[in-house]
Structures are given as structure tokens and as C-alpha cells.
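Below is one structure, written out as C-alpha cells; comments come after it.
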Amino acid sequence: MFQACQSNFLPVRWIKDEECAEQIGYLEGSVFVFDPFGSDGYEALKLRLKRGDPRFEIFGPQVLRSVFNAPDILQFVTMSHPTYALAMRKMIISLSGFSRELKSELEERIRLMNGTISPSLTKSVTHVVTANAITNKSMEASREQIPIMIAEWVKKVWKDNQSRPVQASDPRYANCFCPLFYKVKVCLSQISAAKKATLKAAIERLGGTCSPDLVKGTTDVLVVTNAAGDKFKFAKRWKIPCVTPDWVENSTDQGVLLPFKNFKVIEDVDLAVMMSTPAHSHVPDLSLNFTRCSAVEDDQSKLVIDATTDFSRNNMETFNSHNDAVAQLKAAAKNTGSYLDGCRIYVVDYENCDELKR
């Protein structure tokens, strides 16, 4: 690099790392080239640069190599901080889903490669780097056709630029694009074995994982066919999105994670709203007393709903006889109001139909 500077008619001299502090009074127009970054001299000059000292620049050798190959490149480069390489020049990058420590590390490397960090997803963002495909920012970026990358992209580009200038847009990094279901943990339930195998294969082929168990704090999405069972109940409690199998299939077909709201599992309350009509004066009073018909959910500390939960109770519990069930319905109905007024109900398989009709 020293000889390359001389060949390009740049005045250049070697100094020792400990001599950097002595240069502070003579910095006007200076360029300090460090390799690697991180020495005591580098840190001292970096601190001055961070405080807004405009009199000098801190470069890595790849910056000079890039400039020698394309002299006009410097007019497009922002140098408000140390710049090791120009691999991410003109890129505006937003990160999503990372721990604070890893996010800080990635942001520092992006800046050192002359990239710009955007804390939010704006129209100017050119790339999103995500920890998993299911973050809100990632899903929105996908719909807006903004390239979504994984953390390995930043790490590989940084590593390659230690030896030579390489642009982050180089095709060699095509395997760093975020797969459709990247690190999305999906629980499949209430689905036939054949269809479950098909969905599982698609999810895992595109970077996700599948489990028959629903785990609080781990499962990202529950795929079910109807609003029933312990898994659905606990998923709602733990605020885990519940979608139909169409979400997986349609997202795979379109190559983008579609909004959960378009594939939500319809519950009884949703169905009631969909079928409701404006109230009329002849509609009976529906201010009901359901205190006798409610159920208390127990075991609220349960964190894992395993694959056998929804199917084991037939073997583990002895259900009340039909007569007991009718007696319970009769007792509860006394306090529930006239919500069945005008309805015609067909009853089968009950010996005590007369009791039920009352």
C-alpha cells in the first residue's frame, strides 16, 4: 500500500502507532491508514473524529485501493467516521430482530464499510438485515420488494474485505438473501398426516422449523384448521399468531410472507359478528347472564402444549353420561335468558329428549 501511494504521487510516510497522538496538532488534511483497526493510536484518533474534528480521515487500505481504481469515487463517500472499505457505499441498511449486542456489532461493521444505518423502514432503505423472516419490518420489506439479507451477509463482506475490495452487491453473496421462512418456528396442529408432511417440507426447505409442540416464547406461528383445542387456547393467551394452512401455501406460492390477518382462524365470536344484522324492536333481550356457563381456565403457568394434549383426554377422563350432561344444561339454561327464542333445534341421541326440550 505504501508503494501504491507513491506510485499515485501521494505524499506518504510511515509512523508508529504510539506516534499518532503526537500528530494531533498537525492533522490538517491528513489521512491515517490503519490495518487492522483497533490499535491504541486508532482509538485515539477515532475519538477525535467522533467529537467532530473535520481535519483528517481514518481509512483502511481497501478504501485507497478502491480510490486508485476509480478516483471519482471519493466524492460520493461520507467520511464522518472511520472507513475500512467502501463495500457498502450508497447502501442504506435497516436491522431487525437482533439482540442489542449483535445489532451494535453489525451496525459498526456496516459503518466501517461506508454503509448508512436507518433505524426505521423508510422509502430510502435499500436493504434490511434480519434475525428472522417474521419480524414486522422484514414482512413489510418483503411486500415492498426491498432486499432482505441475513447477518452472515455483513460478516462475509467484512471478512472478504480484509484482503481485497469486494462490493456487498457482488453475486457471490446471493446465498445470504433471507429465505422465506428463515428461522420461523411453526407448530402444526389439526392437520392430516399427508398435508402436514407437505407443509413441513415447504417450511423447512425455505429456512423454517416445524414442531408438534407449542412452546411459549419459542413458537412463532400456530397453523391450525379451526379454533379449538388446548394449543389454540394457549396460543391466543400467549399472543402467538394463529393462521390456517393457506398462509403457508399462499406465502410459498407468492414468495412473500403474507399478512396473518388474511388467514386468521375464525372463532365463534368472529362468526357471530360476520352474521349479525341490525337490531330490531322485536329481537329478544340478549343481555344474558352467562355466569353459570363460563369455564375457568386452569394451569396458567403451563409453558409447553405437547402434541398429544388435544387428543389424550378421551383416554384420560371419564365424561359424564348423557343424562348428567342434560341435567347440567338444564340447570345452566335457567340463568342464560331467552337467546334460543324462535330457534328450531333438532335433537338426536338423547334418551331424555323431553327433559332437554323443556
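Numbering (the UniProt record's numbering), first residue to last: 1 to 358.
Glycine included, C-beta positions come from ideal geometry on N, C-alpha and C.
task = Grab the span of the beta strand (DSSP E) containing residue 96 for me, first residue to last.
result = 92 to 96
ask   = Who are the near neighbours of residue 181 in its chain, counting only those whose CB is closer than 7 Å to its CB and skipping five residues on each side?
value = 133, 203, 206, 207, 208
message = What does the alpha-carbon distance come out to for the pair residue 63 and residue 84?
response = 6 Å
ask   = With 16 as the cutoff for other CB atoms within 10 Å, does residue 240 come out buried or exposed?
value = buried
query = Do residue 94 and residue 123 have their CB atoms nearer than 8 Å?
reply = no
request  = Check whether the Cβ atoms of residue 131 and residue 96 lie closer than 8 Å to each other.
outcome  = yes
Straight-line gap, residue 284 to residue 266 (C-alpha atoms, nearest Å) = At residue 284 the pLDDT is 43, less than 50, meaning the model places this residue with poor confidence; the figure from the coordinates comes in the next sentence. If you take the alpha carbons of residue 284 and residue 266, they lie about 26 Å apart.
message = So, with DSSP's three-state summary, where would you put residue 83?
response = strand
ask   = Beta-carbon separation of residue 245 and residue 200 under 8 Å?
value = no
request  = Let me know the alpha helix (DSSP H) ranges lying completely inside the UniProt domain "BRCT" (180 to 265), each 4 residues or longer, listed in chain order.
outcome  = 193 to 205, 230 to 237, 245 to 254
request  = Please determine, among 144, 88, 99, the residue with the shortest C-alpha to C-alpha distance to residue 117.
outcome  = 88
request  = Please state whether DSSP places residue 125 in a helix, a strand or coil.
outcome  = coil
request  = Assuming residue 61 and residue 35 form a contact by the criterion Cβ under 8 Å, report the distance between their Cβ atoms to the nearest whole angstrom.
outcome  = 5 Å
task = Would you mind reading off the limits of the alpha helix (DSSP H) that contains residue 105?
result = 100 to 112
task = Report the rounded CA-to-CA distance for residue 32 versus residue 152, giving the unit in angstroms.
result = 29 Å
request  = Work out the CA separation of residue 176 and residue 186 for me, nearest whole Å.
outcome  = 22 Å
key: CB of residue 235 within 8 Å of CB of residue 214, strictly   = yes
task = Tell me whether residue 111 is buried or exposed, calling it buried when 16 or more other Cβ atoms sit within 10 Å of its Cβ.
result = buried
query = When we look at the beta-carbon of residue 45 and count the other beta-carbons within 10 Å, is it buried (16 or more) or exposed?
reply = buried
message = Can you look up residue 144 in the DSSP assignment and give me helix, strand or coil?
response = coil
Alpha-carbon to alpha-carbon, residue 16 and residue 29 = 19 Å
key: Nearest residue (CA-CA) to residue 146, options 135, 125, 156, 212   = 125
query = Opposite residue 116 in the DSSP bridges: which residues?
reply = 92
CA nearest to the CA of residue 144, picked from 22, 259, 216 = 259
Residue 56, enclosing beta strand (DSSP E) - first and last residue = 56 to 59
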